[in-house]
Each structure stands twice: as C-alpha cells, then as structure tokens.
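Here the structure is laid out as structure tokens; the discussion comes afterwards.
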Amino acid sequence: MRSQSAAPSNVVRFPGPRAARSDNRDQKGLLDTVYTNGSFVIAAEDRETKMIASRLQIFGFLNIAEIRMDGSVRSLRPSEAANTSLARPWRLSRPSFDELPPIAG
C-alpha cells in the first residue's frame with residue numbers, strides 16, 4: 001500500500017497575516033534591553049515606547065529620567081511619566097534597591 005501526503009505537491013503556502021503586536025512582548029523586550037545594558041535612551045518623539053516605559057515604572061521595574069537640553073537629568077515620578085511628553089528624550093535605568101526604605105520589624 002502506498003500512502004499519500006496530506007498536501008498536494010503543487011500547492012505553495014504563502015505566509016499568513018502577521019501576528020498582531022503584543023504589549024507583553026514589547027514590555028519584555030524593553031525590560032531585557034534596559035536590564036542587559038543598564039540604561040537605555042528613548043528618543044523624544046517615540047511616544048509608544050514612552051508609554052510602555054511609564055507602565056513599567058508604575059510597577060517598579062524601571063526608573064525614568066528626563067534628559068534636559070544641557071545634558072542633566074531629572075527623575076520623573078510615575079504621575080509625571082504617565083503624561084508622556086514629546087519635548088525631551090528619556091533615559092531608562094534599572095531601579096536601585098538601595099533606594100527602598102528598610103522593612104520595619
């Protein structure tokens with residue numbers, strides 16, 4: 001007995017539609033980049049990446065600093081970062097656990 005393959009040999013499969021973007025994958029990629037390099041600079045006009053970074057800052061995974069015109073940095077609070085400004089670039093860095101208050105007890 002001879003078995004036949006399920007698909008005919010003259011059919012060429014074209015790739016289907018691309019998968020929709022996943023916020024979880026984008027967040028993981030951004031975290032991997034920051035944690036691997038120690039810091040990461042986001043361009044001033046990159047609103048989408050700034051929104052992802054501000055969400056990660058709320059949960060304590062990142063620190064966000066705004067880079068001023070003279071090159072100095074100013075740390076942004078989560079409430080400030082949530083109002084994503086396109087005026088200046090941001091520097092993302094890993095949170096320092098030395099900044100956490102000691103646990104009482």
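Take 1 as the starting number for the sequence shown in full-length UniProt numbering and just add one per residue.
All residues carry an ideal CB built from backbone N, CA and C; glycine is no exception.
The model shown is predicted, which means the values in this text are computed figures rather than measured ones.
Rounded to the nearest whole angstrom, the C-alpha separation of L56 and G71 is 24 Å. The DSSP-derived three-state label of S75 is strand. For A81, same chain residues with a beta-carbon under 6 Å away, outside a window of 5 residues either side, are S54, Q57 and I64 in chain order. Taken through DSSP and simplified to helix, strand or coil, S39 comes out as strand. With fewer than 16 other CB atoms across the displayed protein chains lying within 10 angstroms of its CB, V12 is exposed. For S54, the enclosing alpha helix (DSSP H) covers residues R47 to I58.
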